[in-house]
Each structure stands twice: as structure tokens, then as C-alpha cells.
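J.:
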Amino acid sequence: MNALPTTHGCVPGTGSAPVPGRGPHRGRGRAGWWVPPALLALAFIPVLGGTGRLIEVLGGPEVLPTDDRFAASPVPLVAHIVAAVVYAVLGAFQFSARLRRRRPNWHRRAGRLLVVLGLAVAFSGLWMTLAYPRKEGTGDILWGTRLLVSSGMGTAVILGLVAIRRRDIARHRAWMTRAYALALGAGTQALTVGFGEALFGAGVGRTDLMMAAAWVINLAIAEWVIRRPTVRRTKRASRARPALAGPS
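With UniProt numbering, letter number 164 in the sequence shown gets 164, and the count goes up by one each step, no holes.
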């Protein structure tokens, strides 16, 4: 979902004919093959946990510790898990440059579904935060962070939709990248909480901060991904201009 370059295979800053076999699409397709598998790996733990909880809520065997908060009103939990699992898995493939290039119609159709799923994830997350009692061992920091993250994800999805309707592809990809980064917070939390508790110990405040740190880390990486191509293009263009100017 990174911004597309403005010089489609041309030498940067010159507008000359493409260099055979060295177009940016081919290079980026090969270089970014690992992105969808990496995102799926990050999503694996929350997808597995969510599926286990869903099986339990729907009357199956208990595969996770029982959480009585969901017994009286399972609807927001079920909506959140189903939407989040499909969003995490399907969304990972939207980051494949090769798939976007070879199957643009699939990319667009999947994108429409992901808008619906992303809004469902965000608003069901808000619903659960406001409707369910707080989980034992969590405090105000995590509660407030969840409100911000759910609201932020919903806003990012809407802004991404508005951008693509205006044909602003770069802005669309930026907002959808931010939304996906927030959605994968639970995957990063497995790392921040696991390593954090091993290093600093457990506690309500510390655990809240470790959980919140996961979303901050994901957003920071998303911003780096969004901005990095522009920086690289600017540097390449700057190096090309003196060569075009010739000796003074």
C-alpha cells in the first residue's frame, strides 16, 4: 500500500524511456514478496486466540480460560472476532505489489470488503470497551487507549475511502496502512507484553503501558513505510539533476 512512484520505470528526473528489466514495479514486486507472510505471522496469535474464543462463545469446548464478561452479551465479541480475523488475513494481501499489479480488479473488490470489515472491527471494539466491564488486571490507561485506537482506526478507514473516491491513491494507501497497523495491535502485544513482563514484571500500570506500546510501535512502523518511498525518490532525483545540468 505504499505510494506509487511518479516515474514509471524512467530514469529519475529525466522522463526518458524505461530501462529494460529494471522498472520499479518489477524490483518492488520481488523485494516486497515477504510482506504478506510477515503480516500473517504477526496476526497468527490473535487470530488463533480469537478463533478459540469464538468456538467457546458459540457453544464449543473451552480452549481458553473462561471470561464471564462475554456470557450475557456475546454479539459485539462475535462481530469483532469475525471481522478482525478476516480483515487481518485478507488485508495482508493488499500489501502485495505483484497482486495489485496483476489482479487490480481483485484488489478493488477486496478493498471494498475490507472497508466494511475495518469499520466493523473499529466500532465493535468501541462497543466492547464501553459495554463490557474492564478485564481484571487492566486499568484506565488501557481503557482510554482502546477508545483512541478504535476511534482512530474507524477514522483512518473512512479517510482512506474518501481518498480513493477522489482518486488520491497515495493518500488512500497511507490511511489504509495506518488502519491495518492499528488492527494488528494484538499481534504486537504478544511481543510487548511477553518481553515487557519478563524484563519489568507484571502490574496494572506496566501491563497497560506494554499493551499501549504495541499500537504506538505499529503506527511508527506504518509512518516509516508511508514516508520512506518519497524520501528515496527525492534523493534519487537530487542525484540525477547535477548530471543533467552538465559542467558549469
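For each residue, glycine too, the CB sits at the ideal point set by N, CA and C. Remember, predicted model here, so these are calculated numbers, not experimental data.
Return the first residue and the last residue of the alpha helix (DSSP H) that Y87 is part of.
T.: As a first step, residue 87 must be located in the sequence shown, where it is residue number 87. Start and end: 75-92.
J.: On the three-state DSSP scale, how would you describe A72?
T.: For the purposes of this step, residue 72 is taken as the residue at position 72 of the sequence shown. Correct three-state label for A72: coil.
J.: Check the Cβ-Cβ distances between F195 and every residue of chain C, and say whether any is below 8 Å.
T.: In summary, chain C is missing from the structure at hand, where a single protein chain is found.
J.: Among the candidates V57, G52, V63, L99, whose CA atom is the shortest distance from the CA of W34?
T.: Here residue 34 corresponds to residue number 34 of the sequence shown, with the count starting at 1. When only C-alpha atoms are compared, the closest one is L99.
J.: Among the residues of its own chain, which have a CB less than 6 Å from the CB of A213, if the five just before and after it don't count?
T.: Taking the first residue of the sequence shown as position 1, residue 213 is located at position 213. Cβ within range, chain order: T192.
J.: Relative to the C-alpha of residue 249, which candidate in A122, D168, T129 has its C-alpha closest?
T.: Only positions 1 to 248 of the chain appear in the structure, and residue 249 is not among them; the question remains open.
J.: So, under 8 Å CB-CB, R146 and G125 are touching, yes? Tell me the CB distance rounded to an integer number of Å.
T.: Position 146 of the sequence shown holds residue 146. Position 125 of the sequence shown holds residue 125. The pair is a contact, with the Cβ atoms about 7 Å apart (cut-off 8 Å).
J.: So what's W33 in DSSP terms, helix, strand or just coil?
T.: Translated into positions along the sequence shown, residue 33 becomes position 33. W33: coil per DSSP, three-state reduction.
J.: Can you look up S150 in the DSSP assignment and give me helix, strand or coil?
T.: To locate residue 150, count along the sequence shown from 1; it is residue 150. Correct three-state label for S150: helix.
J.: Taking Cβ positions, are D208 and T138 nearer each other than 8 Å?
T.: Taking the sequence shown and counting its residues from 1, the one referred to as residue 208 is at position 208. Taking the sequence shown and counting its residues from 1, the one referred to as residue 138 is at position 138. A contact, by the Cβ cut-off of 8 Å.
J.: Thinking C-alpha only, which one of L161, G59, F70 is nearest R108?
T.: Locating residue 108 in the sequence shown gives position 108, counting from the first residue. Comparing Cα-Cα distances from R108 to each of L161, G59, F70, the minimum goes to L161.
J.: Considering V116, what are the terminal residues of the alpha helix (DSSP H) in which it resides?
T.: As a working mapping, residue 116 is identified with position 116 in the sequence shown. Unbroken alpha helix (DSSP H) run through V116: 104-131.
J.: Let me know the secondary structure DSSP gives L184 once reduced to three states.
T.: For the purposes of this step, residue 184 is taken as residue 184 along the sequence shown, with counting starting at 1. In this structure, L184 counts as coil in the three-state DSSP scheme.
J.: Helix, strand or coil for D67? Go by DSSP, reduced to three states.
T.: Working through the sequence shown from its first residue, we reach residue 67 at position 67. Reduced to three states, the DSSP call for D67 is coil.
J.: Let me confirm a value: L142 is counted as buried when at least 16 other C-beta atoms fall within 10 Å, else exposed. Which label applies?
T.: As a first step, residue 142 must be located in the sequence shown, where it is residue number 142. So L142 counts as buried.
J.: Between R206 and G196, how many whole angstroms is the CB-CB distance? I'm expecting something under 8 Å.
T.: For the purposes of this step, residue 206 is taken as residue 206 along the sequence shown, with counting starting at 1. For the purposes of this step, residue 196 is taken as residue 196 along the sequence shown, with counting starting at 1. At roughly 7 Å, the Cβ-Cβ gap stays under 8 Å, so R206 and G196 are in contact.
J.: Classify L95: buried if its beta carbon has 16 or more other beta carbons within 10 angstroms, exposed otherwise.
T.: If you number the sequence shown from 1, residue 95 lands on position 95. The amino acid occupying residue 95 in the given sequence is Phe; Leu does not appear at that position. F95 should be labelled buried.
J.: Return the CA-CA distance between A83 and L219, expressed in angstroms with no decimal places.
T.: The count along the sequence shown starts at 1 and reaches residue 83 at position 83. The count along the sequence shown starts at 1 and reaches residue 219 at position 219. The alpha-carbon atoms of A83 and L219 are separated by roughly 21 Å.
J.: Given V89, which residues of its chain have a CB within under 8 Å of its CB, disregarding the five upstream and five downstream residues?
T.: Sequence index remark: in the sequence shown, residue 89 carries index 89 (1-based). Cβ within range, chain order: L40, A43, V47.
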